[in-house]
Amino acid sequence: PASFWGSQENFDVISSTAARFIKLRRREQMSEGELLKGVKVTDIKWLFGIRAYQSLLRSHHEAGTRLLRNVMHWLYCSYIIPLLRSCFYATETEFTANRVVFYRKPVWTQFRSLAMASLKRRQYTEIGIPEAARRNTDQVLGCSKLRLLPKGTGVRALNLLSHAQRVEFCGESSGQLRPSLCRPTTEDRRMSTNSTLRRTFSVLKHEHGSSPTSFGCGVFGLNEVFPLLLNFKKKLIDFRAQSKQNVPLYFASVDLHRCYDNIDQTYLHNLVKRVITNEEYLIQQHNVLHPFRSMEKVQRKRSTHLCDP
């Protein structure tokens, strides 16, 4: 109620801040200072008890502000966020970029059922529980969660390979195994798929540095696109200067349908065998710690150096 916040003005400020919090884009954050910005602490009389109607000392005001900060923490972490999670499924989409969209739970359940039925027809194959239990024990690469990202023409399935997952099969006494997805324990020491493949990626990156031409036109990020664009521009200017013709340029945008699903695995395996030049590699890793006193934290940066043994 508005009386809890001391005044209608405080209630309006907190309601506006909560609306801005819900409309935050993906990876955007809101600090505690922003949550309390514009709130008049002295209007909330119950924060100060019997001192509310007396002259307040600075220590009293600071104590009331700390108490209000705890109240705001409870409001967002124990009320607003759980309420949103219980009623909506929040996700970004391909057609809204980083803007978060809220789907009502019944709508998202129906959307997920239709999407999974389509994925199992086109892309995924469902296996039995006994086969899943065997693979969970024998395979080095474990399982991962599947995330559905809505797009304009359907749905995109994303495997979350950066988090380690463990599948437990319970109900053996009843004869019916039921899979349950959970986080690995310290005794399990199961690594995520990305962690398992990190050394392989380091080897391929080392070979790319030794012979970039063997990898064709592939780049590791946008920072490698700019030098190639400058080289293309220089060649284009030289060509026009030699030919003395104003040749028109055409830009083509191509999207390969189900590109990764249609990769020939046998050809890819033979290609990687030609790229790998050594039987063994020496991988050295070290961490560099950078203290930031202004932010009261230490940032860790991992570096990997790879060379021939």
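Here our numbering = 1-based position in the sequence shown + 60. Beta carbons are placed, not taken as given, at the ideal position from N, Cα and C, and that holds for glycine.
CA nearest to the CA of residue i, picked from the options
{"i": "I336", "options": "T260, L309, K294 and S204", "result": "T260"}
{"i": "A224", "options": "G188, G214 and L206", "result": "L206"}
{"i": "A150", "options": "E94, L209, S63 and F352", "result": "L209"}
{"i": "N196", "options": "T185, K357, V215 and F229", "result": "F229"}
{"i": "R318", "options": "L257, L179, V285 and F286", "result": "L179"}
{"i": "T364", "options": "I343, P351, R353 and M176", "result": "I343"}
{"i": "L309", "options": "V73, L296, R360 and D198", "result": "L296"}
Sequence-distant residues of the same chain with beta carbon closer than 7 Å to residue i, five excluded per side
{"i": "K211", "result": "T153, E154 and F155"}
Backbone CA spacing between residue i and residue j [nearest angstrom]
{"i": "V227", "j": "L218", "result": "19 Å"}
{"i": "K293", "j": "L349", "result": "40 Å"}
{"i": "K165", "j": "T213", "result": "21 Å"}
{"i": "F148", "j": "Y163", "result": "5 Å"}
{"i": "R353", "j": "S303", "result": "60 Å"}
{"i": "R258", "j": "F280", "result": "15 Å"}
{"i": "N338", "j": "F299", "result": "40 Å"}
{"i": "C277", "j": "L328", "result": "16 Å"}
{"i": "S274", "j": "R172", "result": "41 Å"}
Backbone secondary structure at residue i - three-state DSSP
{"i": "E186", "result": "coil"}
{"i": "Q345", "result": "strand"}
{"i": "L208", "result": "strand"}
{"i": "R258", "result": "helix"}
{"i": "F64", "result": "helix"}
{"i": "V199", "result": "It is worth fixing the name first, because residue 199 is Gln in this sequence and not Val. Three-state DSSP puts Q199 in coil, outside helix and strand."}
{"i": "A157", "result": "coil"}
{"i": "F299", "result": "helix"}
{"i": "C319", "result": "coil"}
{"i": "Y149", "result": "strand"}
{"i": "S119", "result": "helix"}
{"i": "S234", "result": "Reliability of the predicted coordinates at S234 is poor, the pLDDT of 49 falling under 50, and no value is obtained from them."}
{"i": "P272", "result": "helix"}
{"i": "E191", "result": "helix"}
Sub-7 Å separation of residue i and residue j beta-carbons
{"i": "L221", "j": "N254", "result": "yes"}
{"i": "V99", "j": "N130", "result": "no"}
{"i": "R85", "j": "R159", "result": "yes"}
{"i": "Y341", "j": "V263", "result": "yes"}
{"i": "D103", "j": "S63", "result": "no"}
{"i": "G124", "j": "L96", "result": "no"}
6 Å CB neighbourhood of residue i in its chain, flanking five on each side removed
{"i": "R362", "result": "N347"}
{"i": "H266", "result": "L366"}
{"i": "S313", "result": "none"}
{"i": "M90", "result": "F81"}
{"i": "L316", "result": "none"}
8 Å CB neighbourhood of residue i in its chain, flanking five on each side removed
{"i": "E356", "result": "none"}
{"i": "S240", "result": "V227, E228, F229 and C230"}
{"i": "H121", "result": "V101 and T102"}
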